[in-house]
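Undergrad: Going left to right, the sequence shown walks through residues 378 to 867 as this note's numbering numbers them.
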Amino acid sequence: MSKTTLATSEVSDVPADDHQAELAARLQGSTQALREFIGTLPALVVVLDRDLKTLFANRGTAGRTVEQLEGAHVSEYLPTHVRERALTTMRGVLATGKPDAYTGELEDPPGHTRYFDVRVSAIRRAQDVIGLIVHGSETTQQVHAERVIATQSRMIDSMLEGVALIDERGVIDLTNPAFDAMFGYVRGELNGREMSTLAGWPFGQRERWQMLSHAGSGSMTVEFDARRRDGGHFAAAGVLSGLDIAGRALSLLVLQDVSERKHLERAVLQAVNREQYRIGNDLHDGLGQELTGVALMLRGLAGRLATEYPPILPEIEGITRLVNNAIESTRALARGLSPVNLERGGLQDALEGLSMHATELYGVPTVFTHRLGGQSALGAELANHLYRIAQEAVRNAVRHGKARSIRLHLTTARAKVRLSITDDGVGMPEDALDASGMGLKIMCYRARMLGGDVSFEEAEPSGTKVVCECPLETAAGVRVGKVRKSRAPL
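(1) What is the DSSP secondary structure of L617, reduced to helix, strand or coil?
(2) With DSSP run on the structure shown, which of helix, strand or coil describes K779?
(3) Would N702 be called buried (16 or more neighbouring beta carbons within 10 Å of its own) or exposed?
(4) In the DSSP assignment, what are the bridge partners of V422?
(5) Taking 6 Å as the limit between beta carbons, can you name the residues of its chain near V459, skipping five residues before and five after?
(6) Return helix, strand or coil for F580, following the three-state DSSP convention.
(7) To which residues of the same chain is K859 closer than 8 Å at the C-beta, ignoring the five residues directly before and after it?
(8) Taking the alpha-carbon positions, what's the D485 to T442 distance?
(9) By how many angstroms is the C-alpha of K818 removed from the C-alpha of Q633?
(10) To which residues of the same chain is F745 closer than 6 Å at the C-beta, ignoring the five residues directly before and after it?
(11) From the DSSP output, which residues share a beta bridge with F493?
(12) Quick one: what's got a C-beta closer than 8 Å to V451's C-beta in the same chain, skipping five residues either side?
(13) Looking at the structure shown, is G539 part of a helix, part of a strand, or coil, going by DSSP?
(14) Please tell me whether G804 and L714 are closer than 8 Å, where the distance is taken between their beta carbons.
(15) Between E523 and H610, what straight-line distance do the alpha-carbon atoms span, to the nearest angstrom?
(16) F433 and E447 look like a contact to me (Cβ under 8 Å); what is the Cβ gap, rounded to whole Å?
(17) Can you tell me whether A954 is helix, strand or coil according to DSSP?
(18) Note down, in chain order, each residue of its chain lying with its Cβ closer than 6 Å to the Cβ of V717, except the 5 sequence neighbours on either side.
(19) Which whole-angstrom value describes the C-beta separation of G828 and C847, a residue pair presumed to lie in contact below a C-beta threshold of 8 Å?
(20) Determine the direct distance from the alpha carbon of Q653 to that of L682, and round the result to whole angstroms.
(21) Can you have a look at D534 and say buried or exposed, based on whether 16 or more other CB atoms are within 10 angstroms of its CB?
(22) Would you mind reading off the limits of the alpha helix (DSSP H) that contains S636?
(23) Can you list, in chain order, the residues of its chain with a C-beta nearer than 7 Å to that of T669? Leave out the 5 residues immediately preceding and following it.
(24) CA-CA distance, I526 and V520?
(25) Tell me whether E837 sits in a helix, a strand or coil according to DSSP, three-state version.
(26) Let me check understanding here. Comparing Cα to Cα, which of V599, I549, K475, N435 lies closest to S627?
(27) Looking at the secondary structure, which residues open and close the alpha helix (DSSP H) in which T466 lies?
(28) Using the C-alpha atoms, what's the distance from K793 back to L849?
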C-alpha cells in the first residue's frame, strides 16, 4: 500500500464527528489567539462582512462590549454625526476594493471631544471582496497639537515684529510676513537665504551668525544695521533665542525696526554732548580765565604788600593758593564735561591726557600710542564716544582687573577705527564681563551708536583686552566706506 493510500485510509478511519470537532477546536483556538493578539493593539479593529455586519472586534466601543458588537450591523453603533460618512466610505471600498479613510469625532465623556482616523481595507478571497477590516486610531492629542501650532502660526503671522527661524549654518528656515516686509521681500522669498546677506558689518559676516546659532538655548539681544532689498538700510534690534526642534539646533530671531528710536537717542545724546561742551568751554574760557585774572591780581597785590604791609602777606598768599586750587578744579571740571576738543588736539590729545591722568590718579603706568594712517582729525561724535569707552575701560582695569600697567592704542585702517585698551591684571571677573554693570552697558551702547562693536578678550599672558571697532568718521562728519549713520550692531 502506498503512503498516500495509507494516509487516506488512516484519516478515513477517524470518525467524521470527531474530525469536525477537532477542526472546530483548532479554529476556535486560532480565533482566540488572533483575538488575544489584536486585543493588545492600541487601536480599535473591527472585521465586517459584505453586509457590514460585525464578525469580530478586538474591544468594545460606543458603550458596547465585544459580545454586543459581534453580529450587529455597523450602523447600529456608529455615532450619528459620522454615520453617513462612514457608510459611504465602507460601501465604496466594497465596490472598488481600494482602501479609503475618514475622520471621526466622539463625545466621550460629554463635553470632551475625541478624534479618530479610521482606515477601511478590503478582505479578499481570490478576486472577490468578501468583507472589510476597519482600523480606528485615536488622534486627539495630534489634533490638539496641530490646532495649537496653527494658533501659534496665526499669532506669529499677525505680529508686528519680524520673526525668523535660522538654522545652525545661519540660513533662514522660515519667516513671518512682518519680517519679509521689513526687508522688502515677498512671502517665502527669504527661505534658504543666509542671514548675513541681510545685515551690515559686523553681522554681515557668515561666521557671526553661525557663532550665535551655537550659543545654546539661552537668549541674547542683537542690534545691527539691516539691509533692505532695495539697498536701503535701517537699524534692527531684537532677541535671538536658541531652540532644539527634533534634534536640530535652531535660533528664533524676533526683530523690530528701531531706526526712529535710534535717531531720537542719537539726537538726545548729541544735545547732551553739545551742552556739556558748551558748559566745559564756559568754565574753561569764562570762569577759569576770570579766576586766573584774580590770581594774577593777588600776585601783584602781594608784591606791593610785601613792602607796605608785610603782616598781611601770609593771608594774601593763602587766598592766592585757594584761587589757584579753584582754577585747577575748574579746569578739571571742564575737562570732565568736554574731554575732547577738536580745536585743541582732538582725540589723540584727549587720550594722551587720559593716560597721564590715570598714571597720576591711580598710580598705574598708562601709555597711549596711535597709528592713524594719515587720518589725523576724527569726527566729534566718534571722538567723544571713543574717549568715554577708553575712560570706562581704564577705570575697570584698575578697579576690577587690578592692573599693574595699561596700554591704549588707536589705529585707523580700511575705513574703520580701532581702539584697544590692554592691561596686565588678573582679568575681568565673569560677573563684570556679562555686562550686568551700568558702565559696561554704556560702553556697548556707545559702540552701537557709532555702528561698531565692543569685545572683551583675555590678554596674554594675563589681563584683559577691550577692543572697540567701528566705521571711520572724519572731522567733517562723513563716514568713510559703505556705512550708514544709523548703524547699530551688537
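Cβ atoms here follow ideal geometry from the backbone N, Cα and C, with glycine treated the same way.
TA: With the given structure in hand:
(1) strand
(2) coil
(3) exposed
(4) H512
(5) G481
(6) coil
(7) Residue placement at K859 is poorly supported in this model, since its pLDDT is 37, which falls under 50; the coordinates still yield a value, given next. For K859, where only same-chain residues beyond five positions count, there are no Cβ hits under 8 Å.
(8) 16 Å
(9) 20 Å
(10) L728, E729, S732, L785
(11) G481, E515
(12) V423, L425, L429, K430, T431, A463, L464, M467, V511
(13) strand
(14) no
(15) 38 Å
(16) 7 Å
(17) Beyond the ends of the chain as shown, which are 378 and 867, falls residue 954; an answer cannot be given.
(18) L724, A727, A760, N761, Y764
(19) 6 Å
(20) 41 Å
(21) exposed
(22) 636 to 658
(23) I704
(24) 10 Å
(25) coil
(26) Note that residue 627 corresponds to Leu in the displayed sequence, not to Ser. Cα-wise, what sits closest to L627 is I549.
(27) 457 to 473
(28) 5 Å
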